[in-house]
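Colleague: The numbering used here puts the first residue of the sequence shown at 4, with every later residue one more than the last.
Starting off with a structure, shown below.
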Amino acid sequence: SGASAASVAEIVAVVSEHLARGGPSTEVDDVVAVADAMPAPVIAAFVGGLAAGWPENVEPPRCAGTVLPAWFERIAPTDRPALLKLAERWGAEERFDDVLAAIRTELLEQLADAATAPADRATTVRQLAEIGGGDDVTAALIALLTPREDPLVIEAVADALSERVDDVSAAMLLAQWPRMTPVMHDRMGTLLLDSSVGTAALLDALEQGTLAATQLRLEQRQRLLRYPVEQLRARAQLLLAAGGAIPSADRRQVVEALLPLAAVVNRNASAVARGETVFRENCAKCHRHGQVGESIGPDLSGMAVRPPADLLVDVLDPNRSVEGNFQQYTVVTDDGRTTSGLLIGETKTTLELLDSEARRHVVQRETIEELVATGTSLMPEGFEQMGDEKLAALLGFLTSSTRYVPLPLGKVATAISTQGMFYDRAATGERLVFDTWGRQQVGDVPFQLVDPRGDTRPNVILLNSPNSAFCGELPTSVRLACGVSATAIHLLGGVSGWGFPLGETGTTSLIVRLHYADGSSEDHPLLNGVHLADYVRPIDVPGSTLAFEIGGRQLRYLAVHPRRGESIREIEFVKGDDRTAPLVMAVTVERPAGESSAGRSTTE
């Protein structure tokens, strides 16, 4: 079938790239020699993998001169750019000079035709990038960076240029800068910062006054100030300081000067709308609030329960307390490229970083010259430069709330649900994996799920059980900040390891302990076989309802109702006295009618 053929081609591409990275060998020679017997689409995938993985300046297989022309005739015209790239890697490009020139001319003509659909133009850009070319190709690509061009094409151009940043292309990019939109400035600024050559050109433009420091995002300026090449870093510090673009190093003084903004927070409808605009412009590339933004940094959906003064500290002094999951790493590779972002994955041969634009970068370990854990946040310092009015509006938006307030679990999560959670981390049957993370709805109640970023970040509360060595190391309680009064505490969980129908019905699996602001507390016991059941499959119990069936396993919904109307300082989840391992995936507080903060001005 078409689907199975596509799957075979995908597997062949991955395997051939891995094979190619090892360079010349008898095994490579043998596989290349028999590849002509494969179907044409599989040959194309094989060629694509070899082109992606073959090291530069490494001797080609013995039969390269024979197989390249044969493959060229077999594969579809749309697949030939990859073969031409491989021919260049194998030092055999002169065999195809005439063909290469004709294809390049045809692709440039297609690119110049504005009537071509954006998706087709983006494909043309990628094909041009594969076959390479001189400054004429670079100029044609950069000329597309105008407000009239479709975002699909712009992204393809950015990807193509990322492999060809040199003195000439950097100068062309900066010459085109005045004709680009702010979104393009962001993308191309990051592209230039990804290489020392591009960074030097960027600094030249700042020095000559053809580019203003304010045209770079805060995080881009921060990258310049922390650049791993000492000469460029020192130059950046001088230029940005001269332009007044370096935030004050005394963050404590900055915070103290602006704390009065947090004393009166305006949350009427118009103020919240202005704050949302500020959030979209300055924060949404890294943070999510409700349905808005990306999940790179901490989720900010539950900030309504935090005092505005505490939140202001986080905004103005992001490096005061950096969680390990959000520490920024910088990688320098042997070709002079630099990549900064969160380290979200590792294999035996690669590292994967997530940058501030939500782009993933897979770096081959063998190419890494330097890896630096910066100890700083991906979030830049200097947001005071947006001005008091915008800062106040942002605080109002972040601390506004409606009836339901999802609480952020990231800081108290104890386990990763995309790994085995009970006996074996590799066990697929012990996992709870959503297709999409973030906002999930159960009836009228919104829940905010922590994104585990593959399997690198704790995203659920799982408490202690003596039934396995792994669960025996888990905590017996965790405390979740609340800070508001509530008519209900809504829980997405209602499951446990070794739960009903195992164990004794009616034993206490989990205690939800509410700590009020006045120092008092109250307990709400959740019982095995009454409120909680085993996660392993849908199992009904009277005190909760099935919320999600995930890969044959279950998550349930239930609610706890506080007996008092006072503000709840913390919600503590305490392991009961039975042998189950209770799990909580998400928590949402329901506020009393009339106490949602949107639409009012408050002093706190």
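Heads up, the beta-carbon is just placed ideally off N, CA and C, and yes, glycines get one too.
Keep in mind it's a predicted model, so treat the numbers as computed, not measured.
Let's see if you can read the secondary structure: which residues bound the alpha helix (DSSP H) around GLN130?
Modeller: Indexing the sequence shown from 1 puts residue 130 at position 127. Run containing GLN130: 121-134, per the alpha helix (DSSP H) assignment.
Colleague: In the DSSP output, what is ARG482 paired with across the bridge?
Modeller: As a first step, residue 482 is located in the sequence shown; it is residue number 479 there, counting from the start. ARG482 pairs with GLU575.
Colleague: Please return the same chain residues whose Cβ sits closer than 8 Å to the Cβ of LEU261, not counting the five positions on each side in sequence.
Modeller: Within the sequence shown, residue 261 is the residue found at index 258, counting from 1. Cβ neighbours of LEU261 beyond the five flanking positions: LEU315, LEU319, GLU387, ASP391, LEU394.
Colleague: Within 10 angstroms of the Cβ of PRO311, are there 16 or more other Cβ atoms? Answer buried if so, exposed if not.
Modeller: What you label residue 311 is simply residue 308 of the sequence shown in a count that begins at 1. Result: buried.
Colleague: For GLN444, which three-state DSSP category applies?
Modeller: For the purposes of this step, residue 444 is identified with residue 441 of the sequence shown, where counting begins at 1. Three-state result, GLN444: strand.
Colleague: Whole angstroms is fine: what's the gap from MET183's alpha carbon to LEU148's?
Modeller: Taking the first residue of the sequence shown as position 1, residue 183 is located at position 180. Taking the first residue of the sequence shown as position 1, residue 148 is located at position 145. The straight-line gap from Cα to Cα measures roughly 6 Å.
Colleague: Are LEU410 and GLY496 touching if we call contact CB-CB under 8 Å?
Modeller: Taking the sequence shown and counting its residues from 1, one reaches residue 410 at position 407. Taking the sequence shown and counting its residues from 1, one reaches residue 496 at position 493. No. Outside cutoff.
Colleague: Does DSSP put PHE99 in a helix, in a strand, or in coil?
Modeller: The sequence position of residue 99 within the sequence shown is 96, counting from 1. Here PHE99 sits in helix by DSSP.
Colleague: Contact defined as beta carbons within less than 8 Å: I believe ARG1 pairs with ALA43. What is the distance between those atoms, to the nearest angstrom?
Modeller: Residue 1 cannot be examined here, being either before or after the span of the chain that is shown, 4 to 607.
Colleague: Per DSSP, GLN367 forms a beta bridge with which residues?
Modeller: Within the sequence shown, residue 367 is the residue found at index 364, counting from 1. Per DSSP, THR353.
Colleague: Which runs of the beta strand (DSSP E), 3 residues or longer, sit entirely within the stretch 450-495?
Modeller: List check, beta strand (DSSP E) in window: 480-487.
Colleague: From THR402 to TYR560, what does the alpha carbon distance come to, in whole angstroms?
Modeller: Taking the sequence shown and counting its residues from 1, one reaches residue 402 at position 399. Taking the sequence shown and counting its residues from 1, one reaches residue 560 at position 557. Roughly 26 Å between the two C-alpha positions.
Colleague: Consult DSSP for SER10 and reduce its assignment to one of helix, strand or coil.
Modeller: Mapped onto the sequence shown, residue 10 falls at position 7. Of the three classes helix, strand and coil, the one that applies to SER10 here is helix, per DSSP.
Colleague: Counting pairs of beta carbons, one from the stretch 415-428 and one from the stretch 358-373, are three or more of them closer than 8 Å?
Modeller: The stretch 415-428 is not in contact with the stretch 358-373.
Colleague: Note down the Cα distance separating ALA79 from LYS88, rounded to an integer number of angstroms.
Modeller: Working through the sequence shown from its first residue, we reach residue 79 at position 76. Working through the sequence shown from its first residue, we reach residue 88 at position 85. The straight-line gap from Cα to Cα measures roughly 15 Å.
Colleague: Whose C-alpha, out of VAL45, ALA174, PRO231, is nearest the C-alpha of ALA208?
Modeller: Locating residue 208 in the sequence shown gives position 205, where the first residue counts as 1. Selected option, being the one with the closest Cα: ALA174.
Colleague: Taking the continuous alpha helix (DSSP H) assigned at ASP302, which residues delimit it?
Modeller: Within the sequence shown, the letter at position 299 stands for residue 302. Here ASP302 belongs to no alpha helix (DSSP H), and DSSP marks it neither H nor E.
Colleague: Look up THR333 in the DSSP assignment and give the residues it is bridged to.
Modeller: Position 330 of the sequence shown holds residue 333. For THR333, which the question treats as bridged, DSSP gives the partners SER343, VAL375.
Colleague: Measure the C-alpha to C-alpha separation of THR606 and ASN322 and round it to an integer number of angstroms.
Modeller: Residue 606 sits at position 603 when you count from the first residue of the sequence shown. Residue 322 sits at position 319 when you count from the first residue of the sequence shown. Residue confidence is low: THR606 scores 34 on pLDDT, short of 50, so the model does not pin down where it sits. Its coordinate-derived value is still stated next. Computed Cα separation, rounded: 28 Å.
Colleague: Does the count of Cβ pairs from the stretch 465-476 and the stretch 324-341 closer than 8 Å reach three?
Modeller: No, the stretch 465-476 does not touch the stretch 324-341.
Colleague: DSSP three-state label for ALA23, please.
Modeller: Sequence index remark: in the sequence shown, residue 23 carries index 20 (1-based). Reduced to three states, the DSSP call for ALA23 is helix.
Colleague: Out of GLU349, GLY339, GLY344, GLY385, which has the shortest C-alpha to C-alpha gap to VAL258?
Modeller: Your numbering for residue 258 matches position 255 in the sequence shown. Among GLU349, GLY339, GLY344, GLY385, the Cα nearest to that of VAL258 belongs to GLY385.
Colleague: Can you name, in chain order, every residue of its own chain whose Cβ lies under 6 Å from the Cβ of ALA132, other than the five neighbours on each side?
Modeller: Within the sequence shown, residue 132 is the residue found at index 129, counting from 1. Here the set comprises ALA163.
Colleague: Measure the alpha-carbon distance for GLN179 versus ASP170 and round it to whole angstroms.
Modeller: The sequence position of residue 179 within the sequence shown is 176, counting from 1. The sequence position of residue 170 within the sequence shown is 167, counting from 1. Approximately 14 Å, taken between the alpha carbons.
Colleague: Verify whether the separation of the beta carbon atoms of SER298 and TRP74 is less than 8 Å.
Modeller: What you label residue 298 is simply residue 295 of the sequence shown in a count that begins at 1. What you label residue 74 is simply residue 71 of the sequence shown in a count that begins at 1. Their beta carbons are not under 8 Å apart, which means SER298 does not touch TRP74 by this criterion.
Colleague: Going by alpha carbons, who is nearest to ALA245 out of ALA266, GLU507, THR217, CYS66?
Modeller: Within the sequence shown, numbered from 1, the residue matching residue 245 stands at position 242. If we check each option's Cα against that of ALA245, THR217 comes out closest.
Colleague: Considering only residues of the same chain and omitting the five flanking positions on each side of ALA6, which have a CB-CB separation below 6 Å?
Modeller: As a working mapping, residue 6 is identified with position 3 in the sequence shown. Because the pLDDT of ALA6 is 47, which lies under 50, any placement of that residue in the model is unreliable, and the number read from its coordinates should be weighed accordingly. Closer than 6 Å at Cβ, skipping near neighbours: no residue.
Colleague: Using C-beta distances below 7 Å, list every residue in its chain close to VAL353, excluding the 5 sequence neighbours before and after it, in chain order.
Modeller: Taking the sequence shown and counting its residues from 1, one reaches residue 353 at position 350. Correcting the residue identity first, residue 353 is Thr in this sequence and not Val. VAL365, VAL366, GLN367, ARG368, listed in sequence order.
Colleague: How would you call GLY602, buried or exposed, if buried means at least 16 neighbouring beta carbons within 10 angstroms?
Modeller: Numbered from its first residue, the sequence shown carries residue 602 at position 599. In this prediction, GLY602 has a pLDDT of 41, which is less than 50 and means its spatial position is unreliable; nothing more can be read from the coordinates.
Colleague: Relative to the C-alpha of HIS493, which candidate in THR479, THR548, GLY502 has its C-alpha closest?
Modeller: Position 490 of the sequence shown, counted from the first residue, corresponds to residue 493. Of the candidates THR479, THR548, GLY502, the one whose C-alpha sits nearest the C-alpha of HIS493 is THR548.
Colleague: Put GLY5 into one of helix, strand or coil per three-state DSSP.
Modeller: For the purposes of this step, residue 5 is identified with residue 2 of the sequence shown, where counting begins at 1. Note that GLY5 scores 48 on pLDDT, short of 50, meaning its location in the model is unreliable; the coordinates nonetheless yield the value given after this. In this structure, GLY5 counts as helix in the three-state DSSP scheme.
Colleague: I need the DSSP call for ARG428, collapsed to helix, strand or coil.
Modeller: For the purposes of this step, residue 428 is taken as residue 425 along the sequence shown, with counting starting at 1. The answer is coil: DSSP assigns ARG428 none of H, G, I, E or B.
Colleague: Closest by CA to VAL186, which one among GLN294, LEU155, ALA95, SER199?
Modeller: For the purposes of this step, residue 186 is taken as residue 183 along the sequence shown, with counting starting at 1. Taking only the C-alpha atoms, the option nearest VAL186 is LEU155.
Colleague: Pop quiz: VAL487 and ILE571 are said to be a contact at Cβ under 8 Å. What is the actual Cβ separation, rounded to whole angstroms?
Modeller: Taking the sequence shown and counting its residues from 1, one reaches residue 487 at position 484. Taking the sequence shown and counting its residues from 1, one reaches residue 571 at position 568. Confirmed, about 7 Å.
Colleague: Write down the C-beta distance between VAL268 and LEU398 rounded to the nearest angstrom, noting that I regard them as a contact closer than 8 Å.
Modeller: Reading the sequence shown from its first residue, position 265 is the one you call residue 268. Reading the sequence shown from its first residue, position 395 is the one you call residue 398. 6 Å between Cβ atoms; contact.
Colleague: Taking the Cβ atom as the reference point for each residue, do ALA396 and ARG270 lie within a distance shorter than 8 Å?
Modeller: Counting from 1 along the sequence shown, the entry for residue 396 is found at position 393. Counting from 1 along the sequence shown, the entry for residue 270 is found at position 267. No.
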